[in-house]
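J.:
Numbering (my numbering), first residue to last: 1 to 245.
#1: Given this structure, state the Cα-to-Cα distance separating residue 192 from residue 186, to the nearest angstrom.
#2: In the DSSP assignment, find the beta strand (DSSP E) that holds residue 177 and state where it starts and stops.
#3: Using 10 angstroms around the beta-carbon of residue 48, count the other beta-carbons present and answer buried if the total reaches 16, otherwise exposed.
#4: Rounded to whole angstroms, how far is the Cβ of residue 44 from the Cβ of residue 143, which I believe are closer than 8 Å?
#5: Identify the continuous beta strand (DSSP E) that holds residue 124 and give its terminal residues.
#6: Counting only runs that start and end within the segment 85-109, where is the beta strand (DSSP E) found for 3 or more residues in a row?
#7: With DSSP as the reference, label residue 111 as helix, strand or coil.
#8: Tell me the rounded alpha-carbon separation between residue 158 and residue 151.
#9: Quick check: the Cα distance between residue 163 and residue 147, rounded to an integer number of angstroms?
#10: Taking C-alpha atoms, which residue in 41, 111 and 25 lies nearest to residue 230?
#11: Buried or exposed: residue 31, going by 16 or more other Cβ atoms within 10 Å of its Cβ?
#12: Using C-beta distances below 6 Å, list every residue in its chain close to residue 39, excluding the 5 sequence neighbours before and after it, in chain order.
#13: For residue 244, which residues from the same chain have a beta carbon less than 7 Å from its beta carbon, with the 5 sequence-adjacent residues on both sides left out?
This is the structure:
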């Protein structure tokens, strides 16, 4: 019995499993981390712009009336171009007394809306139409791709392929081969992402362009407009396990 009591702890210690590698490596494997980027281009299918009317009158009632009438014509012009009520959102309403300069004592009314257009080809027509209807405040357009995930899929694939290609090059030079992918960290657009597996991150919201009041002549029919393409770059970090070839 004495020998049994002494040998059992030794036997248990010999059979105890070794601590696993926290990086997920198995015996004889080499850990390799690669960071890579992928790019994609997509034509914008949505345009957002802010526009509206600033009106001035001898009193608050007159300024409000003038602004309301002009804004009604602006809204009607957008409706004729296929803009639906849900695609119009009021962003600012104001009425203030002017207390300086030659216009002191008069009132200024303002109504600014954000317009969402899904027919990007008609943005130039919209600019012409609303300025002819009385709009004298305009900002934008901000051209977007409505389904960013779908547009960025090719960029995600390109980023991963670039990471694997680089890992294969390192492995070949070192006499190793890739045996598996341990982890994928999505850096999102522009990098700096959090740790996720096979999950894309939403891009940071881009601030809309400033809204400015224009005193330039009204644009002629057929205002030049070119939507071009939106370019996206995504980043990825991939951890590989390699073994001797």
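Where a beta carbon is used, it is the ideal one built from N, C-alpha and C, also for glycine.
Predicted model, so just to flag it, every value in this text is computed and none were measured.
T.: Judging by the given coordinates:
#1: Note that residue 192 scores 36 on pLDDT, short of 50, meaning its location in the model is unreliable; the coordinates nonetheless yield the value given after this. So the alpha carbons of these two residues sit roughly 9 Å apart.
#2: 176-189
#3: buried
#4: 4 Å
#5: Residue 124 -> not in any beta strand (DSSP E); alpha helix (DSSP H) instead, spanning 123-133.
#6: 88-97
#7: strand
#8: 13 Å
#9: 25 Å
#10: 41
#11: exposed
#12: 155 and 233
#13: 175 and 176
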